[in-house]
Each structure stands twice: as structure tokens, then as C-alpha cells.
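Take the sequence shown: its position 6, counted from the start at 1, is 6 in UniProt numbering, and no numbers get skipped.
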Amino acid sequence: SPVFRRDGADIHSDVMISVAQAILGGTARAQGLYSSIDIAIPPGIQTDHKIRLAGKGIPRVNSFGYGDHYVYIKVKIP
């Protein structure tokens, strides 16, 4: 998929935010497997920061539960 990278039951994706969002914080919207997800962006976040969304990944094959969705923050430099 062009949006998601898979690692077992976990998925990884990127979210682009502005420099202002990186400095001031706020929220960003990420594409989840089944719907869009709002992510809280803490003030002062750096590019490539990893945010874990527990249980938002792919169903586990040989056990119960779901993997995690890891979102990597990418700051758009103008």
C-alpha cells in the first residue's frame, strides 16, 4: 500500500504537519485502516517522532487482539 507499511500485525504510516503545528502543537488527521484518526500533536515535536496508536493495526493471526499503528511525524518545510 502507498499509505501503510506493514511489520507483522503492526502498521506504519507518515503524517505531514506544518512548522506552526510542530512548534505550537494541535491535532493532525491520519488515515487509519478503517477510518481517519485524529492525533494529538504535542508542542515542540520533531520530524520523525513516532506516535503509537495501540490496537489500531491488523488483527493478529495466531492470538487475540490487534497490532499497533505507528505514525511518524513529518514536518513540511516551506
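No residue lacks a Cβ here, since even glycine has one placed at the ideal position from N, Cα and C. It should be emphasised that the depicted structure is a prediction, and the values quoted were computed from it without experimental measurement.
In the structure shown, Ala9 adopts coil according to DSSP, grouped into three states. Counting only runs of 3 or more residues that sit fully inside the UniProt domain "Chaperone DnaJ C-terminal" (2 to 78), the beta strand (DSSP E) segments are 5 to 7, 10 to 17, 26 to 31, 36 to 41, 50 to 53, 69 to 75, in chain order. Contact between Asp14 and Gly57 does not hold, since their C-beta atoms are separated by about 16 angstroms, which reaches or exceeds 8 angstroms.
Asp68 and Ala54 have their C-alpha atoms roughly 5 angstroms apart. Between Val3 and Ile77, the CB-CB gap reaches or exceeds 8 angstroms.
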